[in-house]
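Quick note on numbering: the sequence shown equals residues -3 to 244 in our numbering.
Here a beta-carbon is modelled for each residue, glycine too, at the ideal position from N, C-alpha and C.
Small disclaimer: the values here were computed from a predicted structure and weren't measured.
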Amino acid sequence: MIYVTGDTHGDFERFQEEYFPEQKNMTKDDFVIICGDFGGVWDGSKRERRQLDRLEQLPFTLLFVSGNHENFDRLAKYPVEEWNGGKIQRIRPHVIHLLRGQVFQLEGRLFFTMGGGKSHDIEDGILNPFAQDFQEQYVLYRGMGARFRVNHRTWWKEELPSPQEYQQARETLEHINWSVDYIITHCAPNSILDQLGDRSYEHDQLTDFLEEVISKAQFRYWLFGHYHDNRILDKRYVLLWEQIVRVL
Ligand SMILES: [Fe+2]
């Protein structure tokens, strides 16, 4: 069995048995995939470690792609390994980060993964925590109710893929003739983004790349998160938030 859900942002209540009773019939050979903004690797606190231990105890294997809201400094510390045809980082033995530009073979189907996203609530800027006037700026911005983030604390440039990750993605897809079963991303391609009806969602280099994937790839379903809604667009583009849907 493979289920997919949207952003969790460090809150895993939806995986409690009362909300997700299907897990009674699942084993560690079954998967739930989170479409980015996992948020479970954030502050490294004791509370967070206990939470990750609880995720490990769930009856299924939990997979996630990155969103824009991840602590990329902490994520980078986990070693990379090969798993089912692609590169991963193991946060716990059964809590697994699926890296960008990879293809994984799960239950006989091919899944292309391309996490990442551009934060869209940061129009007032990114503060540098090492700047001399950081404290003053921070208090000022908070007081104004500004929409801002702090570099390396609440925002990381790695939220968007690097040139190497785009290159890896193209090579991976080339290798399998751009033919997959499922595409798992955090963001939507441009043409789908335009249908969401919210003008604050702008095109960027990642959504441009995902549009290129539409033009070249064959796939059954494309599942993504980020936009905090549950909707199906153009029959095979599935935007997920708190819903958990079965794809296999
Ligand atoms: Fe997001």
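| Query | Result |
| --- | --- |
| Validate contact between the segment 176 to 196 and the segment 12 to 32 using beta carbons, cut 8 Å, 3 pairs | yes |
| Ligand 1 heavy atom lying under 7 Å from the CB of histidine 182 | yes |
| Pocket of ligand 1 defined by Cβ to heavy atom distance under 7 Å | Asp3, Gly32, Asp33, Gly63, Asn64, His65, Gly113, His182, Gly221, His222 |
| Exposed unless 16 or more other CB atoms sit within 10 angstroms - verdict on glycine 163 | Sequence inspection shows glutamine at residue 163; the glycine mentioned does not correspond to that position. Exposed, because fewer than 16 other Cβ atoms sit within 10 Å of the Cβ of glutamine 163. |
| Beta-carbon proximity of glutamate 66 to valine 37, cut-off 8 Å | yes |
| For glycine 82 and valine 61, believed in contact at Cβ under 8 Å, the rounded distance | Valine 61 to glycine 82, Cβ: 11 Å. No contact. |
| Beta-ladder partner(s) of tyrosine 86, from DSSP | The identity of residue 86 in the sequence shown is arginine, whereas the question assumes tyrosine. Ile92, per the DSSP bridge assignment. |
| Selection from Leu189, Lys212, Leu236, Trp152 that minimises the alpha carbon distance to serine 175 | Lys212 |
| Residue range of the beta strand (DSSP E) that includes valine 76 | 76 to 79 |
| Residue of Ser187, Arg195, Gly193, Glu14 minimising C-alpha distance to glutamate 207 | Ser187 |
| Cβ shell of phenylalanine 68 (< 6 Å), same chain only, five flanking positions each side left out | Trp152, Glu154 |
| CA nearest to the CA of valine 28, picked from Arg166, Leu94, Glu14 | Leu94 |
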